[in-house]
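Q:
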Amino acid sequence: MAYQQAAASSPILAQARAALDADLAGRPLARAALLPHINAAASGGMNTASVTGFGAQSISTGYHSDAFSASLTEPIFNGQAFTALKQSDTRIRSSTAALAYAEQLIALEVTQTYFSVLQAQANERVAEQQVELLKSIDQQTRTSLKVGTGDIITVDEVQAQLDASKADLIGARNAVIVAKSQLERLTHAPVGMLKDVTTLQANGPEPNDFTPWLAAALKNQPLLQQAQANLDVSQQQVQFAKRAYWPTLTLSGIGQHAVGTLFPTLAINQVGGSLNLSIPIYEGGSTRAAIHQAEALSRVSHANLMNLQDQIKLDTQTAFVDLQNSVAQFHATQQAVASAKVSLEGTRKGYEIGSRSIIDLLTATTAYASAQRNYYLALYTQLVARTQLKAAAGVLTPADIDALNDLLDKAP
């Protein structure tokens, strides 16, 4: 649900879609330079004329004139226009990749933020549990002090620990508010009750071999596809600049009808055609400068592509290792919680019979809370790590988000 809300309202996706639409509209604009251009014109007006030389007296008269014309221009050869059309197709490829990257980015951000909220809520529950546990210990120590079996130092020690746990609870509640605000920023909707994970089978990369993941990243990563398309555009721009030296050849035709000249019975009907060749000779050095500029920008695009490839390799390897480690970390924290709980229960009983000190009990309480927080961190990290690896490889799809949803149940 959160992903659908984010995808429907994301300004990042809206921007990427609009950019694609603009580049799609750019193709017919580029193609128009290779198609016929037809123009029509008409004029009508009143004129006055004074004519001398036909006789002893000059002639002064006024008359009405009308003119109608149509012209056709058909490009026959234009090297730059052909290159511009190729560039338009490449820009569409770049925008398509940018949109795909934006979609995967939104899916990853929503996943990370969603589980950040769940982790913050889990930390809040742990903090509340710790406060309640310390309150019971505090009550126990104060009762012991009243009956003469306790001491004030013990009471003060427990009170200090209780005060610290209350401060931790305030921080945990604030973290929940911040995490929900971050999720609301993505979904543009209030955050209600979120589904949580009840049981989880930790899974590592499938396949558990880095080589196919790297191959998938270099082939499918939209960010890399966009950079490759941008490099192609810059290389085509070099070609476009060089073709400014090429001649252009156009076919022109015109038809014209004019009536109402100085001699009223005179009408002109004219039809003509021409083949026009234009050869650039010298344009102030602008063509050479444009070539140098395009070549420099092409080198920039190439360097950016190489840097991006290195970054994608690193990101994919990091995500692969993180997912592997998350499995072991999840199992370790599961066992740590169980062990910490047993230790706390044993220490509490030992304190009640006098074999363990209050310091031992407070230490066991803190250790249990820390083990719980580490478990929830490992739990949500494991789920996010699955998404991060697929995003790094460029193969994250809505179906992967649906698979995460299948692991969720209503939060208690």
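Residue numbers (UniProt numbering): 1 to 412. Quick reminder that beta carbons are idealized off the backbone N, C-alpha and C, glycines included.
For the segment 387-402 against the segment 212-222, are there 3 or more C-beta pairs whose distance is under 8 Å?
A: Result yes; three or more Cβ-Cβ pairs closer than 8 Å.
Q: Tell me whether A267 sits in a helix, a strand or coil according to DSSP, three-state version.
A: By 1-based counting over the sequence shown, the position of residue 267 is 267. The answer is strand: DSSP assigns A267 an E or B state.
Q: Whole alpha helix (DSSP H) runs in the segment 181-206 with 4 or more residues, listed along the chain?
A: None, since the segment 181-206 contains no complete alpha helix (DSSP H) of that length.
Q: If we call anything under 8 Å between Cβ atoms a contact, is Q239 one with T83?
A: For the purposes of this step, residue 239 is identified with residue 239 of the sequence shown, where counting begins at 1. For the purposes of this step, residue 83 is identified with residue 83 of the sequence shown, where counting begins at 1. In this structure, T83 lies closer than 8 Å to Q239 by Cβ.
Q: Mind checking whether R243 and G79 have CB atoms under 8 Å apart?
A: Numbered from 1 along the sequence shown, position 243 holds the residue referred to as residue 243. Numbered from 1 along the sequence shown, position 79 holds the residue referred to as residue 79. In contact: R243 and G79 (Cβ atoms closer than 8 Å).
Q: Taking Cβ positions, are residue 431 and L20 nearer each other than 8 Å?
A: Outside the shown range of the chain, which is 1 to 412, sits residue 431, and nothing can be said about it.
Q: If the criterion is Cβ atoms closer than 8 Å, does the pair T381 and L361 meet it?
A: Taking the sequence shown and counting its residues from 1, the one referred to as residue 381 is at position 381. Taking the sequence shown and counting its residues from 1, the one referred to as residue 361 is at position 361. Contact: no.
Q: R373 to A127, Cα distance in whole Å?
A: Within the sequence shown, numbered from 1, the residue matching residue 373 stands at position 373. Within the sequence shown, numbered from 1, the residue matching residue 127 stands at position 127. Their Cα atoms are separated by approximately 9 Å.
Q: Starting from the C-beta of L379, find all residues in its chain whose C-beta is less than 7 Å away, skip the five residues before and the five after it, and write them out in chain order.
A: The residue given as residue 379 occupies position 379 in the sequence shown. The residues are V197, L200, F330.
Q: Which residue comes first and which comes last in the beta strand (DSSP E) that contains L249?
A: In the sequence shown, residue 249 corresponds to position 249, counting from 1. Segment 248-259, the beta strand (DSSP E) holding L249.
Q: A202 to T113, Cα distance in whole Å?
A: Translated into positions along the sequence shown, residue 202 becomes position 202. Translated into positions along the sequence shown, residue 113 becomes position 113. Taking the straight line from one Cα to the other gives about 20 Å.
Q: Taking only three categories from DSSP, how would you classify N174?
A: Start at 1 with the first residue of the sequence shown, and residue 174 comes out as number 174. Correct three-state label for N174: helix.
Q: Please return the same chain residues whose Cβ sits closer than 6 Å to the Cβ of I74, not counting the five positions on each side in sequence.
A: If you number the sequence shown from 1, residue 74 lands on position 74. This sequence places Glu at residue 74; Ile is not what is there. Excluding residues within five positions, the ones whose Cβ falls inside 6 Å are P36, L251.
Q: Would you mind stating whether F320 and L389 have Cβ atoms separated by less than 8 Å?
A: In the sequence shown, the residue the question calls residue 320 occupies position 320. In the sequence shown, the residue the question calls residue 389 occupies position 389. Taking 8 Å as the Cβ cut-off, F320 and L389 qualify as a contacting pair.
Q: Would you mind working out which of A32, I153, A40 sits nearest G253, comparing C-alpha positions?
A: Start at 1 with the first residue of the sequence shown, and residue 253 comes out as number 253. Taking only the C-alpha atoms, the option nearest G253 is A40.
Q: With 16 as the cutoff for other CB atoms within 10 Å, does I401 come out buried or exposed?
A: Residue numbering aside, residue 401 sits at position 401 when the sequence shown is read from its first letter. Answer is buried; the Cβ neighbour count reaches 16.
Q: Helix or strand or just coil, what does DSSP make of N78?
A: On the sequence shown, residue 78 is found 78 positions in, with the first residue counted as 1. The answer is coil: DSSP assigns N78 none of H, G, I, E or B.
Q: From residue 413 to R27, what does the alpha carbon distance come to, in whole angstroms?
A: Any answer about residue 413 is impossible in this case: the structure gives the chain only from 1 up to 412.
Q: Quick one: what's got a C-beta closer than 7 Å to R142's C-beta in the same chain, skipping five residues either side?
A: Locating residue 142 in the sequence shown gives position 142, counting from the first residue. Only V155 meet the Cβ criterion.
Q: Bridge partners for V51 per DSSP, in chain order?
A: Stepping through the sequence shown from its first residue, residue 51 is reached at position 51. I59, per the DSSP bridge assignment.
Q: Tell whether a beta-carbon distance below 8 Å holds between I391 and L108.
A: Here residue 391 is taken as the residue at index 391 of the sequence shown, counted from 1. Here residue 108 is taken as the residue at index 108 of the sequence shown, counted from 1. It should be noted that the sequence gives Ala, not Ile, for residue 391. Against a cut-off of 8 Å, the Cβ pair of L108 and A391 comes out as a contact.
Q: Give me, in chain order, the residues of the same chain whose beta-carbon lies closer than 6 Å to that of F77; leave out the 5 immediate sequence neighbours on both sides.
A: For this step, residue 77 is matched to residue 77 along the sequence shown. So the qualifying residues of the chain are L249.
Q: With DSSP as the reference, label M1 as helix, strand or coil.
A: Indexing the sequence shown from 1 puts residue 1 at position 1. M1 falls in the coil class under three-state DSSP.
Q: With distances taken between CB atoms, is the gap from E103 to L194 smaller than 8 Å?
A: For the purposes of this step, residue 103 is taken as the residue at position 103 of the sequence shown. For the purposes of this step, residue 194 is taken as the residue at position 194 of the sequence shown. Result no, Cβ atoms of E103 and L194 do not sit closer than 8 Å.
Q: Along the beta strand (DSSP E) that carries L408, what are the first and last residues, could you check?
A: Here residue 408 refers to the residue found at position 408 when the sequence shown is read from its first residue. Counting along the chain, the beta strand (DSSP E) containing L408 begins and ends at 408-410.
Q: State yes or no: is the C-beta of L134 within less than 8 Å of the C-beta of S181?
A: Taking the first residue of the sequence shown as position 1, residue 134 is located at position 134. Taking the first residue of the sequence shown as position 1, residue 181 is located at position 181. No; because the gap between Cβ atoms is not below 8 Å, this pair is not in contact.
Q: In angstroms, rounded to a whole number, what distance separates the CA positions of G44 and V259?
A: Position 44 of the sequence shown, counting from 1, holds the residue named residue 44. Position 259 of the sequence shown, counting from 1, holds the residue named residue 259. Distance between the alpha carbons of G44 and V259: 10 Å.
Q: With distances taken between CB atoms, is the gap from D23 to I106 smaller than 8 Å?
A: Within the sequence shown, numbered from 1, the residue matching residue 23 stands at position 23. Within the sequence shown, numbered from 1, the residue matching residue 106 stands at position 106. Contact: no.
Q: Can you tell me the Cα-Cα spacing of T318 and Q87, whole angstroms?
A: As a first step, residue 318 must be located in the sequence shown, where it is residue number 318. As a first step, residue 87 must be located in the sequence shown, where it is residue number 87. Taking the straight line joining both Cα atoms gives about 35 Å.
Q: Report yes if the CB atom of A340 is closer than 8 Å to the CB atom of A303, and no otherwise.
A: For the purposes of this step, residue 340 is taken as residue 340 along the sequence shown, with counting starting at 1. For the purposes of this step, residue 303 is taken as residue 303 along the sequence shown, with counting starting at 1. In this structure, A303 does not lie closer than 8 Å to A340 by Cβ.
Q: Taking the Cβ atom as the reference point for each residue, do Q334 and A294 lie within a distance shorter than 8 Å?
A: Locating residue 334 in the sequence shown gives position 334, where the first residue counts as 1. Locating residue 294 in the sequence shown gives position 294, where the first residue counts as 1. No, the Cβ-Cβ distance between Q334 and A294 is not below 8 Å.
Q: Which residue wins for smallest C-alpha separation from Q4, given the options D409, S301, E345, A189?
A: Within the sequence shown, numbered from 1, the residue matching residue 4 stands at position 4. Closest by alpha carbon: A189.
Q: Bridge partners of I38, per DSSP?
A: Here the question's residue 38 lines up with position 38 in the sequence shown. DSSP output for I38 lists L72 as bridge partner(s).
Q: From what residue to what residue does the alpha helix (DSSP H) around D151 run?
A: Indexing the sequence shown from 1 puts residue 151 at position 151. Run containing D151: none; DSSP gives neither H nor E here.
Q: Taking its Cβ as the centre, do 16 or more other Cβ atoms sit within 10 Å of Y282, making it buried, or is it exposed?
A: Residue numbering aside, residue 282 sits at position 282 when the sequence shown is read from its first letter. Burial call: exposed.
Q: Whose CA, out of Q139, A385, Q235, G148, lies closest to the CA of L162?
A: The residue labelled residue 162 in the question sits at position 162 within the sequence shown. With distances taken between Cα atoms, L162 lies closest to Q139.
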